[in-house]
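Residue numbers (the UniProt record's numbering): 1 to 109. Read through the structure below, which is laid out as structure tokens, and then see the notes.
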Amino acid sequence: MTISLEQVHPLIGNKFQLETSNGVMHLELVEAEERPRRGIPENFRTPLLLIFAGSSRQPLAQDNYFVEHPALGRHIWTVAPTLADHAKGQYQRPHEDGGTCVYYQVFFN
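Quick look at the structure:
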């Protein structure tokens with residue numbers, strides 16, 4: 001299944017479930033955007049970037065994880081830590097567990 005911006009954009013603010021070696025954890029989808037094509041031939045998809053927020057108390061390493069959401073089903077995605085975007089007010093955003101948020105990206109090209 002190919003994930004599209006039209007599918008994920010309405011899910012901003014939703015929690016996605018990840019299976020990790022330490023058990024299940026949840027990440028909140030905070031951003032979804034198509035990236036510039038930069039010469040990619042038309043028969044290839046437009047790159048899609050998803051940004052998730054999680055707890056600083058349970059940081060994740062870059063790895064492949066089973067990711068599940070009721071609207072999208074279950075997939076294996078490569079999840080990688082990324083820096084908070086200061087321009088978007090992500091720096092030191094509080095997490096619901098009392099820690100601060102850390103950010104992760106999933107990139108489809």
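All residues carry an ideal CB built from backbone N, CA and C; glycine is no exception.
Status (buried if at least 16 other CB within 10 Å, exposed otherwise) for residue i
| i | result |
| --- | --- |
| L83 | exposed |
Three-state class that DSSP yields for residue i in the structure shown
| i | result |
| --- | --- |
| L5 | helix |
| A32 | strand |
| L27 | strand |
Bridge partner(s) assigned by DSSP for residue i
| i | result |
| --- | --- |
| E68 | Q17 and R74 |
| D85 | D85 pairs with nothing; no bridge assigned. |
Residue i, enclosing beta strand (DSSP E) - first and last residue
| i | result |
| --- | --- |
| H95 | No beta strand (DSSP E) holds H95; DSSP gives it neither H nor E. |
| I51 | L48 to S55 |
| F108 | C101 to F108 |
Heavy atom of the ligand SAH within 7 Å of residue i beta-carbon
| i | result |
| --- | --- |
| R45 | As presented, the structure is devoid of all ligands, the ligand SAH included, so that no description of it is given. |
Min CB distance residue i to chain B below 8 Å
| i | result |
| --- | --- |
| L11 | The chain labelled as chain B is not found in the depicted structure, where only one protein chain is given. |
Does the contact criterion of 3 or more C-beta pairs under 8 Å hold for the region 37-45 versus the region 91-105?
no
Inspect the CB distances between the region 42-49 and the region 61-74 and report whether three or more fall short of 8 Å.
no
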